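To start, the structure itself, in structure tokens.
Number of protein chains: 2
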Amino acid sequence: MQAMKSESSRTPHLPRTPHTPHTPHTPHMLREIHEQPDALQRALEMNGVVAQRIAAAVARRGVQVIVLAGRGTSDHAALYGQYLLQHLTGIPVALATPSLYTLFGAPFQLQRALVIGISQSGESPDIVEVIAQSRAAGALTVAVTNRQDSPLANAADETLFCAAGAELSVAATKTYTTTCALLALLAASLPGGERLLPHLPRLPALMRAALATEETVAGAVVRYVHARDCIVLGRGFQYSTARETALKLAETCYVIAMPFSSADFRHGPAALVERGLPVILFAPPGRTAPDSLALLGWLRERGADCTVIGEERHPLEQATTAIALDLPRLSEDTERGGEVQVDELLAPLPYIVPGQFFAVYLALAKGLNPDQPRGLTKVTHTR
Amino acid sequence: MQAMKSESSRTPHLPRTPHTPHTPHTPHMLREIHEQPDALQRALEMNGVVAQRIAAAVARRGVQVIVLAGRGTSDHAALYGQYLLQHLTGIPVALATPSLYTLFGAPFQLQRALVIGISQSGESPDIVEVIAQSRAAGALTVAVTNRQDSPLANAADETLFCAAGAELSVAATKTYTTTCALLALLAASLPGGERLLPHLPRLPALMRAALATEETVAGAVVRYVHARDCIVLGRGFQYSTARETALKLAETCYVIAMPFSSADFRHGPAALVERGLPVILFAPPGRTAPDSLALLGWLRERGADCTVIGEERHPLEQATTAIALDLPRLSEDTERGGEVQVDELLAPLPYIVPGQFFAVYLALAKGLNPDQPRGLTKVTHTR
Numbered sequence: 001m002q003a004m005k006s007e008s009s010r011t012p013h014l015p016r017t018p019h020t021p022h023t024p025h026t027p028h029m030l031r032e033i034h035e036q037p038d039a040l041q042r043a044l045e046m047n048g049v050v051a052q053r054i055a056a057a058v059a060r061r062g063v064q065v066i067v068l069a070g071r072g073t074s075d076h077a078a079l080y081g082q083y084l085l086q087h088l089t090g091i092p093v094a095l096a097t098p099s100l101y102t103l104f105g106a107p108f109q110l111q112r113a114l115v116i117g118i119s120q121s122g123e124s125p126d127i128v129e130v131i132a133q134s135r136a137a138g139a140l141t142v143a144v145t146n147r148q149d150s151p152l153a154n155a156a157d158e159t160l161f162c163a164a165g166a167e168l169s170v171a172a173t174k175t176y177t178t179t180c181a182l183l184a185l186l187a188a189s190l191p192g193g194e195r196l197l198p199h200l201p202r203l204p205a206l207m208r209a210a211l212a213t214e215e216t217v218a219g220a221v222v223r224y225v226h227a228r229d230c231i232v233l234g235r236g237f238q239y240s241t242a243r244e245t246a247l248k249l250a251e252t253c254y255v256i257a258m259p260f261s262s263a264d265f266r267h268g269p270a271a272l273v274e275r276g277l278p279v280i281l282f283a284p285p286g287r288t289a290p291d292s293l294a295l296l297g298w299l300r301e302r303g304a305d306c307t308v309i310g311e312e313r314h315p316l317e318q319a320t321t322a323i324a325l326d327l328p329r330l331s332e333d334t335e336r337g338g339e340v341q342v343d344e345l346l347a348p349l350p351y352i353v354p355g356q357f358f359a360v361y362l363a364l365a366k367g368l369n370p371d372q373p374r375g376l377t378k379v380t381h382t383r
Numbered sequence: 384m385q386a387m388k389s390e391s392s393r394t395p396h397l398p399r400t401p402h403t404p405h406t407p408h409t410p411h412m413l414r415e416i417h418e419q420p421d422a423l424q425r426a427l428e429m430n431g432v433v434a435q436r437i438a439a440a441v442a443r444r445g446v447q448v449i450v451l452a453g454r455g456t457s458d459h460a461a462l463y464g465q466y467l468l469q470h471l472t473g474i475p476v477a478l479a480t481p482s483l484y485t486l487f488g489a490p491f492q493l494q495r496a497l498v499i500g501i502s503q504s505g506e507s508p509d510i511v512e513v514i515a516q517s518r519a520a521g522a523l524t525v526a527v528t529n530r531q532d533s534p535l536a537n538a539a540d541e542t543l544f545c546a547a548g549a550e551l552s553v554a555a556t557k558t559y560t561t562t563c564a565l566l567a568l569l570a571a572s573l574p575g576g577e578r579l580l581p582h583l584p585r586l587p588a589l590m591r592a593a594l595a596t597e598e599t600v601a602g603a604v605v606r607y608v609h610a611r612d613c614i615v616l617g618r619g620f621q622y623s624t625a626r627e628t629a630l631k632l633a634e635t636c637y638v639i640a641m642p643f644s645s646a647d648f649r650h651g652p653a654a655l656v657e658r659g660l661p662v663i664l665f666a667p668p669g670r671t672a673p674d675s676l677a678l679l680g681w682l683r684e685r686g687a688d689c690t691v692i693g694e695e696r697h698p699l700e701q702a703t704t705a706i707a708l709d710l711p712r713l714s715e716d717t718e719r720g721g722e723v724q725v726d727e728l729l730a731p732l733p734y735i736v737p738g739q740f741f742a743v744y745l746a747l748a749k750g751l752n753p754d755q756p757r758g759l760t761k762v763t764h765t766r
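Here the protein sequences line up with chains F and H, keeping their order. Counted the way our numbering counts, the first sequence spans residues 1 to 383. Counted the way our numbering counts, the second sequence spans residues 384 to 766.
Pasting the structure below:
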């Protein structure tokens, strides 16, 4: 690890196109980012039957509430799942408060609940505990994990398996997006989610298109080598993308990166904005686009240094640093009956890719080893 | 406002004891912090009947899930409510995702839900929309607001009224703690919450005891005048306190303040810690105390500059800056049947007080006007 760190700080790390073979000195994190299209394809192919079985159990039990539990990156996948499951099924979805289970233990009324525990290692003791207690309280329990024989998988009724292959970088990438894909598969298998199902096989192509941002991002990060802090903004389905990008920047680049939903941002934190403050804004097309544009105008007036990740000309033209995605469309361009387009529901998966690239290339530009953040280990044992 | 700003940056602002009368130049925020004991007493006295009526409706409808919606400070009160309601009643509690209502509109299955909308002004359009849509979908709806004739109150079935008096500072203080107290009153009125009810009248005394930290905090902040960023940590019931303190620091002092539950902190953000990094840790007695002590040891090893807010000798002795609270005990010292003590459930109300003082005195020490953060207005219109 030490050798790799010296290596990466000595030699300039050139951006490569997605299909250039990686050398042995490529950081695990960068290699794992590139593995995402294949990992997603595997995850979706392997879990269709399990997702159908969970959906049948949800119907049989008359589930009235869904609870998602995860820590760190897994909590961000849970946040994406909260928006997607709630939007498509109409069932209220809560993010769990694990310490209520592990520290304050009390009976929960979960007979009509689906409780989903997320942990790439399947070993987070608090998430295992949430699943074990919820199952004992009568909930239908599901594990989402990258280890099939893990304590988490053993504690749950059903397991959605990431099948992402070993993740060697401490900073999670492919286990994040495979988890998001599995939550999308589950949502698409429940009543209300049907229209999403035929589009899921096109997720790997979306991820490949997003990998094309690599060269732009690798060139852009140099501007931010000495940035000590930044703000990361996203709204709706992309709030999870903002949170996950901020965490990647914190753990690999030691940047104090504060994520906000752009709505919450206006309720106070906006006061932080001053000339030169780096702000990363996820600005996809769709329902949140007018809000993104208005916010971008406000930020520019105050001289913020705005990195915009988007597809449309308007927000990108206003950026200090523009990261343009060119994603294949999944839906027809016209809205059918005011329905939210599936593009918007699935966009958080390709949109996190430039965020991941930003973190890995900024770490390299700072001479840091993105695979081995100080003070962290791959499996975190919190109770 | 400009006059006040010059005033506060010209003359040193001396700490005063809680009972010193405030001059006309006292910032509204400081005056409003001191109004909290009386405001809480009014709020609790005025809302007992409404809380009982809501509890009866919850029983009648067989509520299976509770949803809380708020933005900014109101979202932090919601977070406290999430922990407290879930812990005492066992009913799963979700924080709402307002943009799903306002931007992505879809039918929600809320016939067995209690939906609580929180807005001090009662005017946040997205929170009003959450309540209106939820009520149309068959939910039992409750407004928590400081304006009885507001759009939010009019949209909801029932209103819990803060009765905090006009809040003139943009940075909310007394509307935060009165909202927390009203959520505690509601929790205490529901099955499972009974043991909390007799202790609520003692909340004003708890708040008065917390006001005694003023002089310590006013003296301590000078060390942090040039701190650009910091981390704020709390766990369990105090996670809301950490988030609310971070927001106060961001909006009044322009400090990039990142809040984490100390469990999530270990899953990535811990990599940020380096020598001299300011960390504010809420370390109350009780179930989270061992975790706080372990974390504090870890932070000290890495040279972090730790402000500890607590009552017990062990964590306070390890602080760079110790802020000791001397709170009257509510429960007997022994645990009865392993039950979590009411002290721990109510502690977030007095513990936020030194956080509020920290923000107002640090703003004054920096020559800022805490009542009027740049770029903000008292009512935020987000959709």
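Note that the Cβ used here is the ideal one computed from N, Cα and C, for glycine as well. Since this is a predicted model, take the numbers as computed values, not measurements.
| task | Reducing DSSP to helix, strand and coil, say where I323(F) ends up. | result | strand
| query | Which class does L160(F) belong to by DSSP, given the choice of helix, strand or coil? | reply | strand
| request: Report yes or no: is there a C-beta of chain C within less than 8 Å of the C-beta of Y83(F)? | output: This model lacks chain C altogether, as its protein chains are F and H.
| Taking only beta-carbon atoms, is G750(H) less than 8 Å away from chain F? | no
| request: Below 8 Å on the Cβ atoms is my guess for E506(H) versus V762(H); work out the distance and round it to an integer in Å. | output: 5 Å
| task | Could you say which of Y176(F), A164(F), S240(F) and A139(F) lies nearest to E158(F) if we only look at CA atoms? | result | A139(F)
| said: Looking at P350(F): is its Cβ nearer than 8 Å to the Cβ of L327(F)? | reply: yes
| said: So, with DSSP's three-state summary, where would you put D371(F)? | reply: coil
| request: Give the straight-line distance between the Cα atoms of G576(H) and A570(H), rounded to the nearest whole angstrom. | output: 5 Å
| request: Could you please give the first and the last residue of the uninterrupted alpha helix (DSSP H) stretch that includes A55(F)? | output: Q36 to R61
| query | Under 8 Å between C-beta atoms, does D371(F) make it to chain H? | reply | no
| said: Please tell me whether R658(H) has its Cβ less than 8 Å away from any Cβ of chain F. | reply: no
| query | Considering only residues of the same chain and omitting the five flanking positions on each side of R135(F), which have a CB-CB separation below 6 Å? | reply | T141
| query | Mind checking E597(H): buried by the 16 CB within 10 Å criterion, or exposed? | reply | buried
| query | Are there three or more Cβ pairs, one per stretch, closer than 8 Å when the stretch 601 to 618 of chain H is compared with the stretch 652 to 663 of chain H? | reply | yes
| task | Just the C-alpha distance for G81(F) and A55(F), rounded to the nearest angstrom, thanks. | result | 15 Å
| Those residues which DSSP pairs with G234(F) across a bridge | S261(F)
| message | Quick check on this structure: which residue in I323(F), V49(F) and Y101(F) has the alpha carbon closest to the alpha carbon of T307(F)? | response | I323(F)
| query | How long is the line joining the alpha carbons of P18(F) and T241(F), rounded to whole angstroms? | reply | Low per-residue confidence applies at P18(F): pLDDT is 46, beneath 50, and the placement is therefore not dependable, though the value from the model is reported in the following sentence. Cα to Cα, P18(F) sits roughly 21 Å from T241(F).
| said: For A633(H), which residues in the same chain have their Cβ closer than 8 Å to its Cβ, ignoring the five residues on either side in sequence? | reply: I639 and A640
| task | Determine, using beta carbons only, whether Q724(H) comes closer than 8 Å to chain F. | result | no
| Where do the ends of the beta strand (DSSP E) carrying T666(H) lie? | Before going further, note that residue 666(H) is Ala rather than Thr in the sequence given. Start and end: P661 to A666.
| field | Top-ranked residue by Cα proximity to F357(F), from L95(F), I33(F), E45(F) and T102(F) | value | I33(F)
| field | Test item: CB-CB of L160(F) and R670(H) under 8 Å | value | no
| query | Does E634(H) have its Cβ less than 8 Å from a Cβ in chain F? | reply | yes
| said: Once the 5 residues before and after A209(F) are set aside, which same chain residues still bring their CB inside 8 Å of it? | reply: L325, D326, L327, P328 and P350
| What's the gap between the Cα of L551(H) and the Cα of Q41(F)? | 55 Å
| task | Give the secondary structure of G464(H) by DSSP, where H, G and I count as helix, E and B as strand, and everything else as coil. | result | helix
| field | Counted within 10 angstroms of its Cβ, other Cβ atoms place P731(H) as buried (16 or more) or exposed | value | buried
| For A51(F) and S189(F), believed in contact at Cβ under 8 Å, the rounded distance | 4 Å
| request: Tell me whether R495(H) counts as near the ligand ADP, meaning its Cβ is closer than 7 Å to at least one heavy atom of that ligand. | output: Among the ligands in the structure shown, none appear at all, so the ligand ADP cannot be discussed.
| query | Is DSSP giving L635(H) helix, strand or coil here? | reply | As written in the sequence, residue 635(H) is Thr, which differs from the Leu given in the question. Looking at T635(H) - three-state DSSP - the assignment turns out to be helix.
| request: Give the DSSP bridge partners of I309(F), in chain order. | output: F282(F) and I323(F)
| message | Counting only Cβ-Cβ distances shorter than 9 Å, please list the residues of the stretch 80 to 105 of chain F near chain H, keeping chain order. | response | Q82, Y83, Q86, H87, L88, T89, G90, I91, P92, V93, A94, L95, A96, T97, P98, S99, L100, T102, L103, F104 and G105
| query | Are L451(H) and I501(H) close, meaning C-beta to C-beta below 8 Å? | reply | yes
| query | Buried or exposed: which applies to H226(F), given that a residue is buried once 16 or more other Cβ atoms fall within 10 Å of its Cβ? | reply | exposed
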